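The listed protein sequences correspond, in order, to chains A and B.
Residue numbering for the first sequence follows the working numbering, beginning at -12 and increasing consecutively.
Residue numbering for the second sequence follows the working numbering, beginning at 63 and increasing consecutively.
Glycine included, each C-beta is placed from N, C-alpha and C at the ideal position.
Small disclaimer: the values here were computed from a predicted structure and weren't measured.
Let me begin by presenting the structure, written as structure tokens, before commenting on it.
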Amino acid sequence: MSSDSRPSRRSFLNASGLVLGALVGERLALAEELTPKSEPLRRFSFEPPVAPVNCAVIGLGDQGREILRALATVPGAVVKTICDTHRPAHKRALELGPKAKASTDYRKILDDKEVRAVWVATPSHLHKDVVLAALAAGKHVYCEAPLAHTVADARTIATAARKAPQQVFQVGLQRRANPLDLHIFGLLRLGILSRLSLVRAQNHHRTSWRRAANTRERQAELDWRLDDDLSPGLSGEIGIHQFDLVSWYLRKRPVSVTAFGGVMAWPDGRNVPDLIHATLDYGDGVHLVYSASLGNSFGSAAETFLGSDGTITIQNDHGWLIKEADAPTQDWEVYATREAIGSDVGLVLVANASRLLQELRDPTKLRNVDTKGALYYACESFLQAIRAGIRSATDAQDGLDATVVALTVNEAVRTGTRIAFRKEWFEIG
Amino acid sequence: MRARFEIVLADDRDPIFLRAATEQALAEISGVEAMLSPYRPGSAIAAINNAPVGTAVRLDPLVFGLLSQAAELTKKLEGAFNLSVGAVAAAQRGFIAAEGTEPSAGALHLDPSAMTATRLTASVRLDTGAVGKGWALERALSILCDLGLTNAFLHGGTSSVRAIGPGPAGRGWKIALPDADPIELVDRALSVSSSVAQLFASDAGMCSHILDPRTGAPVKRPLSAAVLHDDGVVAEAISTALVVLGPAGAELVRRSFPSATLVRLAPG
């Protein structure tokens, strides 16, 4: 890469929003001097008030409860109603939203004029009816990813959302709202890795994916992820967030996918693969090599971006930059924390470093402990978009794009073939 | 919590169902770890500890409920148990001097209307390690019970135990304790605390991981306590407080917690 196309150190600092230069060294010392060691409380600090928004959560499984947990701490989120057709699911959900009214009929929730924002966290094959009804009722809708278990349903949802421009429609691609992922997005856009050559990602977790229930009927309902006709597979259930991250970072859709998989860890009669490998061609020589497994937890969920000047790797909401020996020095790196990453040394990437500094807090010590989790930020940004009347962080097009990619990967796994993506698959009607 | 958790089910139903049930219960324990670990990004406890003094941190109702319960237990145990003194965290940050660190009892403000927690002094370092395992086991047990599993044994790091049902032999879940008769546990929680179970090095020599919240100093006498209660959180608070109070604390426990059973309180 020519020196012209590489950002200067000064432009990097200015554009990234990071305050990690020589000035930072001085201010960090100042911060340590000024940090109260043991000072009695003289005054409380308060968050600025935000307008309350009445919310409803439909679907009270694991993800629905995680949404409730996040909403409990999001300023201005008032959980008015919760809904699940399975009444016993209400008990655990009410622990997280004790002031909410519980219902088994989502249509009653949609009839409630006071509810403005609706989260749809049902199994993905049930999204369509709920989302279409919610949009028709004038609600702002947050739909979990994938949009649906078929591309046709996903397109129907995206089309309905586009036809309701006065309502905010957000898809649960939560990493796009996560400060660390946003921070790394900025670094990549500034060309910190120079020429990107390869992306590796994985999601490995040892779990059977089976759910326990008291009756066979309920068991069958809960095990929809293992039902060939309903399941979007590992790529649709967990891979979608990583495919979306890569597409977002690269600012392009994949050209094709080659994949295979099988039932390796849990031969209990299931047909949905518990191990998948996929290679997504993003064009210009860049590939995403992906694997997901339910048989082994090593490395858990991670994404690694390999470029000619270095590597950025992300794991469990922590990020590191591992530089190549001949890569240019960044102004801020002398102040950054270094950690061993295998036999390499990584510079710890910290989101919101400048804000922490303004609060007289040491970003290198706090690292990412300060985060509230990607789902929190996604829920918060949804409510902010409603209040401001602006486009959501992840709109219908983002949702359709991610859903098409994930479901196509799943189809490639099922057929063990290479599938080329077609432009019209991504078009909203 | 940094402990190994295990679940044993005495049940003859489909093994696939039983495995799925234990996965759900263990996932709940992992969720509790994510909520409470001072070292995990996004945990409520990390958020409180890292917030500037005087800044209110909004909590989810579950964590707020645990901290409220812990505050009540602090009162009933006359300050001998207090989550505001994070011994391990404090030690790792080098807070503990030979004379002890600053006591921080009462220095965490809980606001039930706003569901917030606020550190009132910088010395407050919340560490729920004393009751986290007991709470995790209670939550895991409730999932098993909701699935109709009523003969189960759960433990975290062997020091926190929860049992329900009569066990595989029908006489209770048999547990061996050092220097004490075995007990047969049915529908109760067992908590074992010891001042010498975990030690850390300081300028003053090897110190117990349990601090006396009233003085901030590590407990000096080698003592262990084993307590039974219907609620694992209460059992853990009592056993921790007894190690702090010593034999004199037995009367306080008898008076304040009539349903608790003191199984063992002895040196070592």
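Residue-chain proximity (residue i, chain B), Cβ-Cβ < 8 Å
i, result
"A:L47", "no"
"A:K359", "yes"
"A:R74", "no"
"A:R205", "no"
"A:E131", "no"
"A:P418", "With chain A running from -12 to 416 in the structure shown, residue 418 of chain A is simply not present."
"A:E82", "yes"
"A:R56", "yes"
"A:R14", "Any answer about A:R14 is weak, because its pLDDT of 30 lies below 50 and its placement is not dependable; what the coordinates show is given next. Closer than 8 Å: no."
"A:D71", "no"
"A:D255", "yes"
Whether residue i touches residue j by CB criterion (8 Å)
i, j, result
"A:G167", "A:L334", "Note that residue 167 of chain A is Leu in the sequence shown, not Gly. No; because the gap between Cβ atoms is not below 8 Å, this pair is not in contact."
"B:G104", "A:T358", "yes"
"A:V107", "A:V128", "yes"
"A:G286", "A:A393", "no"
"A:G294", "A:L180", "yes"
"B:V193", "B:A132", "yes"
"B:D249", "B:I226", "yes"
"A:L126", "A:L97", "A small fix is needed here, since residue 126 of chain A is Lys in this sequence, not Leu. Yes."
"A:A323", "A:D296", "no"
"B:V70", "B:A214", "yes"
"A:W211", "A:H305", "no"
"B:V325", "B:L239", "yes"
"A:S280", "A:D268", "no"
"A:A372", "A:V155", "yes"
"A:A132", "A:G386", "yes"
"B:S222", "B:G196", "yes"
"B:A198", "B:I107", "no"
"A:I263", "A:S278", "yes"
"B:A297", "B:A251", "yes"
"A:L160", "A:D231", "yes"
Beta-carbon separation (whole angstroms), residue i vs residue j, contact threshold 8 Å
i, j, result
"A:R162", "A:H73", "About 29 Å separates the two Cβ atoms, so there is no contact after all."
"B:V305", "B:S257", "5 Å"
"B:G116", "B:T180", "6 Å"
"B:L170", "B:S146", "5 Å"
"A:H136", "A:L217", "6 Å"
"A:L83", "A:A59", "6 Å"
"B:E200", "B:D293", "7 Å"
"A:T143", "A:K115", "6 Å"
"A:V138", "A:V391", "6 Å"
"B:D241", "B:A328", "6 Å"
"A:A289", "A:I299", "Not quite, the Cβ-Cβ distance comes to about 11 Å (not below 8 Å), so this is no contact."
Environment of residue i [buried if 16+ CB atoms lie within 10 Å]
i, result
"A:I377", "exposed"
"B:I158", "Annotation note: pLDDT 44 at B:I158 (below 50); position unreliable, coordinate value reported separately. Burial call: buried."
"B:E95", "buried"
"A:N303", "exposed"
"A:A399", "buried"
"B:R233", "exposed"
"B:P280", "buried"
"A:A87", "buried"
"B:T136", "buried"
"A:E19", "Because the pLDDT of A:E19 is 31, which lies under 50, any placement of that residue in the model is unreliable, and the number read from its coordinates should be weighed accordingly. Exposed is the call here."
Chain B contact residues for residue i, given Cβ-Cβ distances below 7 Å
i, result
"A:N201", "L209, G210"
Residue-chain proximity (residue i, chain A), Cβ-Cβ < 8 Å
i, result
"B:R81", "yes"
"B:L124", "yes"
"B:G191", "no"
"B:G219", "no"
"B:P280", "no"
"B:R64", "no"
Contact set between residue i and chain B, taken where Cβ atoms lie within less than 9 Å
i, result
"A:S195", "I78, R81, A82, E85"
"A:Q304", "Note that residue 304 of chain A is Asp in the sequence shown here, rather than Gln. Within 9 Å Cβ-Cβ: P103, G104."
Chain A contact residues for residue i, given Cβ-Cβ distances below 8 Å
i, result
"B:L121", "A59, T60"
Within chain B, the residues that residue i reaches when beta carbons sit closer than 8 Å
i, result
"A:P85", "P123"
"A:R198", "A82, Q86"
Contact list for residue i against chain A, beta-carbon separation under 7 Å
i, result
"B:G194", "Chain A residues near B:G194: none, gap ~17 Å exceeds 7 Å."
Heavy atom of the ligand SAM within 7 Å of residue i beta-carbon
i, result
"A:V244", "You won't find the ligand SAM in this model; it holds no ligand whatsoever."
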